[in-house]
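2 protein chains.
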Amino acid sequence: MRRLNGDSADFESALAALEVPMDSDDGDVRSTVADIIADIERRGEPALLEYTRRFDQLDVDAICELEVSREELERALSELPGEQRDALSEAAKRIETFHRKQLSDDWSYDDGLGNRLGQRLTPLRRVGVYVPGGKASYPSSVLMNAIPARVAGVSEIIMVAPTPGGYRNPLVLAAAALAGVHRMFCVGGAQAVAALALGTTAIPRVDKIVGPGNRFVAEAKRQVFGRVGIDMIAGPSEILIIADGSAAPEWMAMDLFSQAEHDESAQALLLCPDAAYIEAVDAAVERLLPQMERSAIIRASLDKRGALIQTRDIAHAAAISNALAPEHLELAVADPEALLPLIDAAGAIFMGIHSCEALGDYCAGPNHVLPTSGSARFFSPLGVYDFQKRSSIIHCSAQGAVPLARVAQVLAEGESLTAHARSAAMRIVD
Amino acid sequence: MRRLNGDSADFESALAALEVPMDSDDGDVRSTVADIIADIERRGEPALLEYTRRFDQLDVDAICELEVSREELERALSELPGEQRDALSEAAKRIETFHRKQLSDDWSYDDGLGNRLGQRLTPLRRVGVYVPGGKASYPSSVLMNAIPARVAGVSEIIMVAPTPGGYRNPLVLAAAALAGVHRMFCVGGAQAVAALALGTTAIPRVDKIVGPGNRFVAEAKRQVFGRVGIDMIAGPSEILIIADGSAAPEWMAMDLFSQAEHDESAQALLLCPDAAYIEAVDAAVERLLPQMERSAIIRASLDKRGALIQTRDIAHAAAISNALAPEHLELAVADPEALLPLIDAAGAIFMGIHSCEALGDYCAGPNHVLPTSGSARFFSPLGVYDFQKRSSIIHCSAQGAVPLARVAQVLAEGESLTAHARSAAMRIVD
Numbered sequence: 001m002r003r004l005n006g007d008s009a010d011f012e013s014a015l016a017a018l019e020v021p022m023d024s025d026d027g028d029v030r031s032t033v034a035d036i037i038a039d040i041e042r043r044g045e046p047a048l049l050e051y052t053r054r055f056d057q058l059d060v061d062a063i064c065e066l067e068v069s070r071e072e073l074e075r076a077l078s079e080l081p082g083e084q085r086d087a088l089s090e091a092a093k094r095i096e097t098f099h100r101k102q103l104s105d106d107w108s109y110d111d112g113l114g115n116r117l118g119q120r121l122t123p124l125r126r127v128g129v130y131v132p133g134g135k136a137s138y139p140s141s142v143l144m145n146a147i148p149a150r151v152a153g154v155s156e157i158i159m160v161a162p163t164p165g166g167y168r169n170p171l172v173l174a175a176a177a178l179a180g181v182h183r184m185f186c187v188g189g190a191q192a193v194a195a196l197a198l199g200t201t202a203i204p205r206v207d208k209i210v211g212p213g214n215r216f217v218a219e220a221k222r223q224v225f226g227r228v229g230i231d232m233i234a235g236p237s238e239i240l241i242i243a244d245g246s247a248a249p250e251w252m253a254m255d256l257f258s259q260a261e262h263d264e265s266a267q268a269l270l271l272c273p274d275a276a277y278i279e280a281v282d283a284a285v286e287r288l289l290p291q292m293e294r295s296a297i298i299r300a301s302l303d304k305r306g307a308l309i310q311t312r313d314i315a316h317a318a319a320i321s322n323a324l325a326p327e328h329l330e331l332a333v334a335d336p337e338a339l340l341p342l343i344d345a346a347g348a349i350f351m352g353i354h355s356c357e358a359l360g361d362y363c364a365g366p367n368h369v370l371p372t373s374g375s376a377r378f379f380s381p382l383g384v385y386d387f388q389k390r391s392s393i394i395h396c397s398a399q400g401a402v403p404l405a406r407v408a409q410v411l412a413e414g415e416s417l418t419a420h421a422r423s424a425a426m427r428i429v430d
Numbered sequence: 001m002r003r004l005n006g007d008s009a010d011f012e013s014a015l016a017a018l019e020v021p022m023d024s025d026d027g028d029v030r031s032t033v034a035d036i037i038a039d040i041e042r043r044g045e046p047a048l049l050e051y052t053r054r055f056d057q058l059d060v061d062a063i064c065e066l067e068v069s070r071e072e073l074e075r076a077l078s079e080l081p082g083e084q085r086d087a088l089s090e091a092a093k094r095i096e097t098f099h100r101k102q103l104s105d106d107w108s109y110d111d112g113l114g115n116r117l118g119q120r121l122t123p124l125r126r127v128g129v130y131v132p133g134g135k136a137s138y139p140s141s142v143l144m145n146a147i148p149a150r151v152a153g154v155s156e157i158i159m160v161a162p163t164p165g166g167y168r169n170p171l172v173l174a175a176a177a178l179a180g181v182h183r184m185f186c187v188g189g190a191q192a193v194a195a196l197a198l199g200t201t202a203i204p205r206v207d208k209i210v211g212p213g214n215r216f217v218a219e220a221k222r223q224v225f226g227r228v229g230i231d232m233i234a235g236p237s238e239i240l241i242i243a244d245g246s247a248a249p250e251w252m253a254m255d256l257f258s259q260a261e262h263d264e265s266a267q268a269l270l271l272c273p274d275a276a277y278i279e280a281v282d283a284a285v286e287r288l289l290p291q292m293e294r295s296a297i298i299r300a301s302l303d304k305r306g307a308l309i310q311t312r313d314i315a316h317a318a319a320i321s322n323a324l325a326p327e328h329l330e331l332a333v334a335d336p337e338a339l340l341p342l343i344d345a346a347g348a349i350f351m352g353i354h355s356c357e358a359l360g361d362y363c364a365g366p367n368h369v370l371p372t373s374g375s376a377r378f379f380s381p382l383g384v385y386d387f388q389k390r391s392s393i394i395h396c397s398a399q400g401a402v403p404l405a406r407v408a409q410v411l412a413e414g415e416s417l418t419a420h421a422r423s424a425a426m427r428i429v430d
């Protein structure tokens, strides 16, 4: 694997060369998606049917024929091999347990003047979950996107997934049943995102759209943002491992592979102060890579974006990690608790050598929908809070309103908003 | 004012005719802004200087000359007339008190297998606060945008505000001092948003940009979203009042004006089941309107987008309000607590006749940055949570990892991600 030294003069530029530009900087994708959205807005269901025919080779007369019944979802679950059904159920249970901890309560307080101020939380009414078709169609994604919505109390969870040629992935259907998806339609692409954002005859308009997708889907989500909520703008997945040599080098190699196998654009980095250990990890990478089913993808990803980085010490590794704000951060060190205070931004932090990313990807409980491309600087993991909205509550009493009105009047006059000032002043009553 | 009846056959279309399209559906604005952002990205500070010269008539050699020192901010505060300084301080204090209630703690739990799972909150490191110049330059906005960032613990709050011709609004500077702004630059427009998102020689790159602005600023925020966080896509401001006749009609008229005076595109609606009371409010509107300083704007707004709507009953009014998801909702009724459970989506809810919007706009405590154009369906008021990021924590013990690894292995194999499966399986140790 590529080796970098965190102290060399060209380190920053060498690291920057491993970054990828954000997907939707592509003007062609942008205009194609804009056209599709405009077409769905203008023509509705006939346009959706046409795109589905063209992109998914599905020729139906009405979108309602592409709705998957709740019975079909349940049947897929019951027909799953026992081992898979048990694993999926266990994962769903653990994901639900974690996300229930994210529920919070309404609150209010009296300001001492007789006014009550507070905040109220209510679930979104209807959300759309996008599930990719084809090679990146993952039942675990269905669980991770739909369960927080259900825990939040969303009344209607609508899932869309393209089914090119009509093939319906039974694991995805089973996961939908387990996660509590209310309705599912076999449509996909930018056209499905547009249908969810705008509503069509068969597909109701939603309040928010979540879930991963290709760059057309990602760009469509970006373009409908504001009309509906979206989860985040996702780029290629990344792992950054800070290692002190506590783990077997083979563990580190396989953890790097588990990121790299997603996609040639995925990024796997390992940071360590110990040159000999880096050598050992590199040797393990070369030894294990030929055995991997997805070795071509892994090799391409590691060549393009991977690196083993020698740092001055562990604190230096933490500083580099903070600048990158990785999606997944493994602290593969003997004392992860001591290292944690040095960590600022990361989507998910895997503490210690037994906490490999794969456990978090599937079943530990926390969400695997995480901010990518450095956006952990400002985005958070998908959570129950993404499926709730807050309202401020302002309840002034007749007496309590008076001192507030005096302050508001002065400030409104300072801003030349005299109707504001008079509206406040009217509440100054004896 | 325009009268509508909530039961008439054409009600929905009449109400829809009062909506405005989202700002950035304008292709010219979109491409102008894209060009400005690309130019700042390519040329950095020289481009920023050029735009500032062109749009703000400020001819300086370097952007650092446009930085306002902390001393100048403090001086503006101390030189303010006593009444204004006291009012601004009182507002700042109340806003801080409210937002402190939004702070929440890290949490974690043991899953019973020896694994610890949790969530960690950390402040964003650096945020940008955009403050408009000219007629919409409001010190209250400075408080509402910067105080939650300070409460969250953001290390560096960078404020930008255009100062056309070099005029620095002392109220805005004073508010910046009070709110705890760390650095301020006199730049504005899409170019200032781009500078904050990308960083230039003088202006450091931020993690998130908040604050209101014209449609170029709003579109710039939309375009940089993903590279940095943004607060929300804001449209024209709105009020919806549900009234049962408990308040003097003049109060209702003035509350409608206080929204309408913002802008010709602002919207003011009153819903009430009582025809006679609607008549009385309308008469009060006609009687008071000629006295208002901003009567031309108010008249234009009411003509274009305002309405008095007769409903079957209060529950019917609540249903219409829920469909609109208003930014500001006044429950001007005798028993607002009884009505609240019927309310779903609204940015801020003003309970009872003494709780007029103006009190919330300035000093009640809750934020006045609220979701507009129906986006209260999925957006929340600006809050401390907007200036924090969450990280998931996954800490598996050697024994605790084993059952998780078994589940992950089955699911990863089901998704043909065999490196994931092997990475998990390696943690199955005795």
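Protein sequence lines, in the order shown, are assigned to chains A and B.
Going left to right, the first sequence walks through residues 1 to 430 as UniProt numbering numbers them.
Going left to right, the second sequence walks through residues 1 to 430 as UniProt numbering numbers them.
Quick reminder that beta carbons are idealized off the backbone N, C-alpha and C, glycines included.
Remember, it's a predicted structure, so these values are computed and weren't measured experimentally.
Can you give me the start and stop residues for the beta strand (DSSP E) that residue i sits inside?
| i | result |
| --- | --- |
| B/M159 | E156 to V160 |
| B/E79 | Note, B/E79: premise wrong, no beta strand (DSSP E); not H, not E. |
| A/P132 | Element bounds for A/P132: n/a, residue is neither H nor E. |
| A/E12 | That residue, A/E12, is in no beta strand (DSSP E); its alpha helix (DSSP H) goes F11 to A16. |
| B/K208 | K208 to V210 |
| B/P123 | R116 to P123 |
| A/A307 | A307 to Q310 |
| B/L4 | R3 to N5 |
For residue i, which residues of its own chain have a beta-carbon under 6 Å away from its beta-carbon, when the five flanking residues on both sides are left out?
| i | result |
| --- | --- |
| A/A412 | H420 and A421 |
| B/D344 | N322 |
| B/N5 | Q310 |
| A/S137 | N169 and V172 |
| B/S355 | none |
Within the 8 Å Cβ cut-off, does residue i reach chain A?
| i | result |
| --- | --- |
| B/R427 | yes |
| B/P336 | yes |
| B/M254 | yes |
| B/I147 | no |
| B/F185 | no |
Alpha helix (DSSP H) containing residue i: first to last residue?
| i | result |
| --- | --- |
| B/S141 | P139 to A152 |
| B/P46 | E45 to D56 |
| A/F216 | R215 to V224 |
| B/L173 | P170 to A179 |
Do we get a CB-CB distance below 8 Å when we pair residue i with the residues of chain B?
| i | result |
| --- | --- |
| A/T32 | no |
| A/G226 | yes |
| A/H420 | yes |
| A/M351 | yes |
| A/E41 | no |
Kindly give me the distance between the Cβ atoms of residue i and residue j, rounded to whole angstroms, as I take these residues to be in contact under 8 Å.
| i | j | result |
| --- | --- | --- |
| B/F379 | B/M232 | 5 Å |
| A/I394 | B/F350 | 5 Å |
| A/D263 | A/E330 | At roughly 19 Å, the Cβ-Cβ gap does not stay under 8 Å, so A/D263 and A/E330 are not in contact. |
| A/A307 | A/R2 | 5 Å |
| A/V210 | A/V151 | 14 Å between Cβ atoms; not a contact. |
| B/E415 | A/S140 | 7 Å |
| B/A424 | A/L124 | Not confirmed; about 33 Å, so no contact. |
| A/P381 | A/A348 | 6 Å |
Please go through the same chain and pick out, in chain order, the residues whose beta-carbon is closer than 7 Å to the beta-carbon of residue i, but skip the five residues on each side of it.
| i | result |
| --- | --- |
| B/I298 | F257, A260, E261, L289 and M292 |
| A/A177 | L73, E74, A76 and L77 |
| B/Y385 | Q102 |
| B/K389 | T122 and L124 |
| A/A253 | V281, A284, V285 and L288 |
Only counting runs of 4 or more residues, tell me where the alpha helix (DSSP H) segments fall wholly within the stretch 236-293 of chain B, in order along the chain.
-> Here the runs fully enclosed are 249-260 and 275-288.
Counting only runs that start and end within the stretch 350-429 of chain A, where is the alpha helix (DSSP H) found for 4 or more residues in a row?
-> Entirely contained in the stretch 350-429 of chain A, the alpha helix (DSSP H) runs reaching 4 residues are, in chain order, 357-362, 398-414 and 418-425.
Which runs of the beta strand (DSSP E) spanning at least 3 residues fall entirely within the stretch 86-110 of chain A, listed in chain order?
-> With a minimum length of 3 residues, the continuous beta strand (DSSP E) runs that stay inside the stretch 86-110 of chain A are 107-110.
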